[in-house]
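Engineer: Here it is: the structure, laid out below.
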Amino acid sequence: MTTILNNVDFHLNLKKSQFKTPIEVIKKNFKNLQKLIDKQEILINKNLKLLKSGSLNKSEKLELIKKTISLQETYLKKLKVRVKSHNDFISRLQYRISKLEELKKLNESLKNDENGGGGEGDNDNLNQFYKGEVELLIVDYLLKSSIYNTNTSIDDELTGIQLAKSLKIDKLIDYDVILQGLKIYNEIKEKKNLKILIDWCFENKKNLKLIKEKYNLNLNIEFETYFQKFIELIKIGDVFNALNIANNYLIGYLNEDEHDDDNIGENFEKIVQGAALLCWNLAENTDKAIADTKSQVSRKALSYYDSNIQTDYNISENFKNYKSLLSDDKWTKLADFFLFNFNSLYGIDQDLQICLLLSIGSSSLKTRSCKHRKKDAESSNDNENDVNFDDYLNLTSDSNKDGILKNDCPICSIDLNELTSSLPFSHQIKTNIFENPVMLPNGNIYQFEKLVQFNKSQPKDIFSTKNTGGLTVEYDNEEEEESNKEITMENLELLKIKDPLNGELFDKSDIVKVFPT
Numbered sequence: 001m002t003t004i005l006n007n008v009d010f011h012l013n014l015k016k017s018q019f020k021t022p023i024e025v026i027k028k029n030f031k032n033l034q035k036l037i038d039k040q041e042i043l044i045n046k047n048l049k050l051l052k053s054g055s056l057n058k059s060e061k062l063e064l065i066k067k068t069i070s071l072q073e074t075y076l077k078k079l080k081v082r083v084k085s086h087n088d089f090i091s092r093l094q095y096r097i098s099k100l101e102e103l104k105k106l107n108e109s110l111k112n113d114e115n116g117g118g119g120e121g122d123n124d125n126l127n128q129f130y131k132g133e134v135e136l137l138i139v140d141y142l143l144k145s146s147i148y149n150t151n152t153s154i155d156d157e158l159t160g161i162q163l164a165k166s167l168k169i170d171k172l173i174d175y176d177v178i179l180q181g182l183k184i185y186n187e188i189k190e191k192k193n194l195k196i197l198i199d200w201c202f203e204n205k206k207n208l209k210l211i212k213e214k215y216n217l218n219l220n221i222e223f224e225t226y227f228q229k230f231i232e233l234i235k236i237g238d239v240f241n242a243l244n245i246a247n248n249y250l251i252g253y254l255n256e257d258e259h260d261d262d263n264i265g266e267n268f269e270k271i272v273q274g275a276a277l278l279c280w281n282l283a284e285n286t287d288k289a290i291a292d293t294k295s296q297v298s299r300k301a302l303s304y305y306d307s308n309i310q311t312d313y314n315i316s317e318n319f320k321n322y323k324s325l326l327s328d329d330k331w332t333k334l335a336d337f338f339l340f341n342f343n344s345l346y347g348i349d350q351d352l353q354i355c356l357l358l359s360i361g362s363s364s365l366k367t368r369s370c371k372h373r374k375k376d377a378e379s380s381n382d383n384e385n386d387v388n389f390d391d392y393l394n395l396t397s398d399s400n401k402d403g404i405l406k407n408d409c410p411i412c413s414i415d416l417n418e419l420t421s422s423l424p425f426s427h428q429i430k431t432n433i434f435e436n437p438v439m440l441p442n443g444n445i446y447q448f449e450k451l452v453q454f455n456k457s458q459p460k461d462i463f464s465t466k467n468t469g470g471l472t473v474e475y476d477n478e479e480e481e482e483s484n485k486e487i488t489m490e491n492l493e494l495l496k497i498k499d500p501l502n503g504e505l506f507d508k509s510d511i512v513k514v515f516p517t
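Using the UniProt record's numbering, you'd call the opening residue of the sequence shown number 1 and step up by one each time.
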């Protein structure tokens with residue numbers, strides 16, 4: 001298993017987004033750079049022809065020359081920005097490749113070691129490598145869960161970027177691309193800004209078509225965007241522009257020759273429902289009339305016998321589908337669908353990797369004895385006393401239905417309680433080594449029952465205070481000594497535990513409960 005985790009190909013496959021994202025940005029930047037150069041070339045040639053034509057007087061030529069110089073200066077500034085962006089993402093790729101080469105060298109060093117475990121220095125370097133991976137997961141979580149504020153400087157305000165720069169791992173994560181997606185997402189969801197989404201769809205039209213085919217999507221983000229625009233215009237009563245949107249953009253999605261879309265039937269149904277919103281004022285008046293009628297006859301049997309009231313109710317039911325089109329949930333769904341397409345375009349992970357890994361690891365540790373109720377986790381967190389061995393031995397009493405064993409298990413902690421509450425239990429609910437393992441201060445681990453049984457099997461004189469091994473107890477009289485020769489859970493607190501391997505003696509309080517995995 002360790003060999004697989006340290007394998008470079010495994011990490012390369014795991015870190016696809018670290019390489020796909022900058023490559024996609026570089027490709028897109030290169031296309032825009034080419035368009036910029038071509039556009040500038042056309043403008044310069046056009047102005048040069050005018051200067052050579054002789055149709056301009058001296059002042060007009062001078063004005064045209066100034067305009068051309070200004071255009072060239074603007075062009076050079078834009079070119080400089082594009083080139084800088086290109087070089088920046090190239091350097092990120094080079095740095096990420098160097099990290100994989102570093103892992104490859106560590107693997108080779110470990111393989112060349114005689115014991116196959118590597119030297120101490122190699123193991124330390126490997127631990128540092130994985131520590132960096134965990135830090136990267138935390139930064140990724142902070143970035144994707146951040147609230148983007150367009151009025152602040154992202155480099156100075158966001159915790160994720162500050163942490164990445166302080167840990168010097170900012171070249172391992174494309175935070176600017178992630179935040180670009182979050183910016184558009186918040187513009188759609190919070191500000192209901194469709195213009196920025198329409199521009200983005202137009203800019204990435206070809207790639208969006210490929211994404212739809214790759215994931216076999218039932219929705220088309222461009223259609224959904226214009227359909228939402230159509231609905232918003234109807235809501236404010238701008239019927240003329242709403243019909244223009246429908247005619248210029250939506251109707252085209254019903255034509256197979258114009259749009260290669262497999263969801264023509266669904267698109268048609270949506271357009272029909274949207275067109276029905278033109279009668280929305282009638283719907284509002286009907287709702288008001290129904291509400292007034294219900295308030296008058298709600299306590300009478302007439303509400304059952306009167307067919308007119310039943311008709312009003314049926315009309316109200318028919319409006320439900322149209323009301324959903326006006327819900328704010330539509331904006332959330334549209335924003336979520338955009339973010340899915342954006343992440344797919346740049347190869348960004350759709351999930352929070354740290355939560356995914358925590359879920360996998362937590363599920364493998366979770367047992368039926370774990371506290372998976374929030375109130376239990378909170379109550380255990382309030383206990384400031386150190387957990388001792390008795391806490392593991394006091395089983396739930398029949399009278400306390402909600403009681404659970406108290407322990408230091410990470411799954412029972414308040415930090416992981418919410419995350420693990422819905423996870424399945426591990427199939428390995430019992431250790432393959434032994435049950436109820438305990439560790440002595442010298443590091444030796446034994447099954448508790450067998451450790452007690454060993455001490456019970458020692459010679460009878462183990463109860464003598466002169467004995468240096470086994471279980472030693474001081475008694476006030478011979479009668480008490482005779483009655484306590486049997487070792488039980490109750491008198492365990494008075495005994496000393498002998499290590500079966502080396503004969504060392506330890507107090508009961510020195511025993512520590514362990515959780516083998």
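Backbone N, C-alpha and C fix where the C-beta goes; we use that ideal spot for every residue, glycine too.
1. Put P500 into one of helix, strand or coil per three-state DSSP.
2. Among N216, F268, K78 and K212, which one has its Cα closest to the Cα of K39?
3. Which class does residue 531 belong to by DSSP, given the choice of helix, strand or coil?
4. Between which two residues does the alpha helix (DSSP H) carrying V452 extend?
5. When burial is assigned at 16 or more other CB atoms within 10 Å of the CB, is R92 buried or exposed?
6. Let me check one thing: in DSSP terms, what residues is F506 bridge-paired to?
7. Please confirm whether L137 and I354 have their CB atoms less than 7 Å apart.
8. By how many angstroms is the C-alpha of N247 removed from the C-alpha of F227?
9. For N442, collect the residues of the same chain with a Cβ closer than 7 Å to its Cβ; drop the 5 residues on either side in sequence, then sort them by chain order.
10. Using the Cα positions of G132 and L501, report the straight-line distance between them to the nearest angstrom.
11. Rounded to the nearest angstrom, what separates Y95 and K171 at their Cα positions?
12. How about the segment 333 to 350 and the segment 5 to 24: do they share at least three Cβ pairs that are nearer than 8 Å?
13. Which residues does DSSP list as the beta-bridge partners of I445?
14. Pop quiz: F342 and G181 are said to be a contact at Cβ under 8 Å. What is the actual Cβ separation, rounded to whole angstroms?
15. Which of the three DSSP states is assigned to K168 in this structure?
16. Near T468, what residues of its chain come up, given a Cβ to Cβ distance below 7 Å and the 5 sequence neighbours on each side ignored?
17. According to the Cβ coordinates, are S363 and L451 closer than 7 Å?
18. So does the segment 215 to 232 actually touch the segment 262 to 280, counting three or more Cβ pairs closer than 8 Å?
19. Are the CB atoms of A242 and L254 nearer to each other than 7 Å?
20. Rounded to whole angstroms, what is the Cα-Cα separation between residue 524 and G274?
21. Count the other C-beta atoms from every protein chain shown that fall within 10 angstroms of the C-beta of Y175, then say buried if there are 16 or more, exposed otherwise.
22. Go through its chain and collect everything with a Cβ distance to I196's Cβ below 8 Å, but skip five positions before and after it.
23. Identify whether V512 lies in helix, strand or coil by the three-state DSSP scheme.
24. Please name the residue in K61, F454 and L36 whose C-alpha comes closest to that of T74.
25. CA-CA distance, L326 and L277?
26. Take the Cβ of L419 as the centre, count every other Cβ of all protein chains shown within 10 Å, and call the residue buried at 16 or more, exposed below.
27. Once you ignore the five residues that flank N477 on each side, which residues in its own chain have a CB closer than 7 Å to its CB?
28. What number of angstroms, rounded off, separates the C-alpha of S421 from the C-alpha of K31?
29. Exposed or buried, what is N400 when buried is set at 16 or more other beta-carbons lying within 10 Å of its beta-carbon?
30. Please go through the same chain and pick out, in chain order, the residues whose beta-carbon is closer than 8 Å to the beta-carbon of L106, but skip the five residues on each side of it.
31. Give every residue of the same chain whose Cβ lies closer than 7 Å to the Cβ of E435, excluding the five residues on either side of it in the sequence, and list them in chain order.
32. Got a sec? Which residues, its chain only, sit under 6 Å from N13 by beta carbon, not counting five neighbours each side?
33. State the DSSP-derived secondary structure class of I404, mapped to helix, strand or coil.
34. Can you give the beta carbon distance from V438 to I511, rounded, assuming they're within the 8 Å contact cut?
35. What three-state label does DSSP hand L326 in the structure shown?
Structural biologist: Concretely, from the data shown:
1. As a position in the sequence shown, residue 500 is number 500, starting the count at 1. Here P500 sits in coil by DSSP.
2. The count along the sequence shown starts at 1 and reaches residue 39 at position 39. Check the Cα spacing between K39 and each of N216, F268, K78 and K212: the tightest is with K78.
3. This structure does not reach residue 531, given that the chain is present from 1 up to 517, and the question cannot be answered.
4. Locating residue 452 in the sequence shown gives position 452, counting from the first residue. F448 to K456 is the extent of the alpha helix (DSSP H) around V452.
5. Indexing the sequence shown from 1 puts residue 92 at position 92. The residue in question, R92, is buried, as its Cβ has 16 or more Cβ neighbours within 10 Å.
6. Residue numbering aside, residue 506 sits at position 506 when the sequence shown is read from its first letter. BP columns for F506 point to I497.
7. Here residue 137 is taken as the residue at index 137 of the sequence shown, counted from 1. Here residue 354 is taken as the residue at index 354 of the sequence shown, counted from 1. A contact, by the Cβ cut-off of 7 Å.
8. Working through the sequence shown from its first residue, we reach residue 227 at position 227. Working through the sequence shown from its first residue, we reach residue 247 at position 247. F227 and N247 have their C-alpha atoms some 11 Å from each other.
9. Taking the first residue of the sequence shown as position 1, residue 442 is located at position 442. Taking C-beta separations shorter than 7 Å and ignoring five residues to either side along the sequence, the partners of N442 in its chain run D499 and E504, following chain order.
10. Working through the sequence shown from its first residue, we reach residue 132 at position 132. Working through the sequence shown from its first residue, we reach residue 501 at position 501. Using only the alpha carbons, I get a separation of about 40 Å.
11. Within the sequence shown, numbered from 1, the residue matching residue 95 stands at position 95. Within the sequence shown, numbered from 1, the residue matching residue 171 stands at position 171. Distance between the alpha carbons of Y95 and K171 is about 7 Å.
12. yes
13. Start at 1 with the first residue of the sequence shown, and residue 445 comes out as number 445. BP columns for I445 point to M439.
14. To locate residue 342, count along the sequence shown from 1; it is residue 342. To locate residue 181, count along the sequence shown from 1; it is residue 181. Rounded, the Cβ-Cβ distance is 4 Å, consistent with contact.
15. For this step, residue 168 is matched to residue 168 along the sequence shown. If DSSP states are grouped into helix, strand and coil, K168 belongs with coil.
16. The residue labelled residue 468 in the question sits at position 468 within the sequence shown. With a pLDDT of 38 at T468, under the threshold of 50, the predicted position of this residue should be treated as unreliable, and no value is reported.
17. Against the sequence shown, residue 363 aligns to sequence position 363. Against the sequence shown, residue 451 aligns to sequence position 451. Judged by their CB atoms, S363 and L451 are not nearer to each other than the 7 Å cut-off.
18. yes
19. Within the sequence shown, residue 242 is the residue found at index 242, counting from 1. Within the sequence shown, residue 254 is the residue found at index 254, counting from 1. No, they are not a contact pair.
20. A question about residue 524 goes unanswered here, because the residues of the chain that appear run from 1 up to 517.
21. As a working note, residue 175 is residue 175 in the sequence shown. Burial call: buried.
22. Along the sequence shown, one-based indexing puts residue 196 at 196. I184, E187 and I188, listed in sequence order.
23. On the sequence shown, position 512 is the one that residue 512 refers to. Residue state, collapsed to three classes: strand.
24. Here the question's residue 74 lines up with position 74 in the sequence shown. A check of alpha carbon separations from T74 across K61, F454 and L36 identifies L36 as the nearest.
25. Reading the sequence shown from its first residue, position 326 is the one you call residue 326. Reading the sequence shown from its first residue, position 277 is the one you call residue 277. Taking the straight line from one Cα to the other gives about 9 Å.
26. Here residue 419 refers to the residue found at position 419 when the sequence shown is read from its first residue. Exposed, since its Cβ has fewer than 16 Cβ neighbours within 10 Å.
27. What you label residue 477 is simply residue 477 of the sequence shown in a count that begins at 1. At N477, the pLDDT of 48 sits below 50, so the modelled position is not reliable; the number obtained from the coordinates is stated separately. Cβ neighbours of N477 beyond the five flanking positions: none.
28. In the sequence shown, residue 421 corresponds to position 421, counting from 1. In the sequence shown, residue 31 corresponds to position 31, counting from 1. Each residue's alpha carbon lies about 48 Å from the other.
29. Taking the first residue of the sequence shown as position 1, residue 400 is located at position 400. The predicted position of N400 is uncertain, since its pLDDT is 38 and thus under 50; no value can be drawn from it.
30. As a first step, residue 106 must be located in the sequence shown, where it is residue number 106. Correct list, in chain order: N6, G118, D122, N125, L126 and F129.
31. Indexing the sequence shown from 1 puts residue 435 at position 435. Once the five neighbours on either side are set aside, the close Cβ partners of E435 are Q447.
32. On the sequence shown, residue 13 is found 13 positions in, with the first residue counted as 1. Nothing listed; no residue qualifies.
33. Counting from 1 along the sequence shown, the entry for residue 404 is found at position 404. In this prediction, I404 scores a pLDDT of 40, lower than 50, which makes its location untrustworthy; the coordinate-derived value is nonetheless stated afterwards. Coil at I404, not helix or strand.
34. Counting from 1 along the sequence shown, the entry for residue 438 is found at position 438. Counting from 1 along the sequence shown, the entry for residue 511 is found at position 511. Yes, V438 and I511 are in contact; Cβ-Cβ is about 5 Å, under 8 Å.
35. Within the sequence shown, the letter at position 326 stands for residue 326. Of the three classes helix, strand and coil, the one that applies to L326 here is coil, per DSSP.
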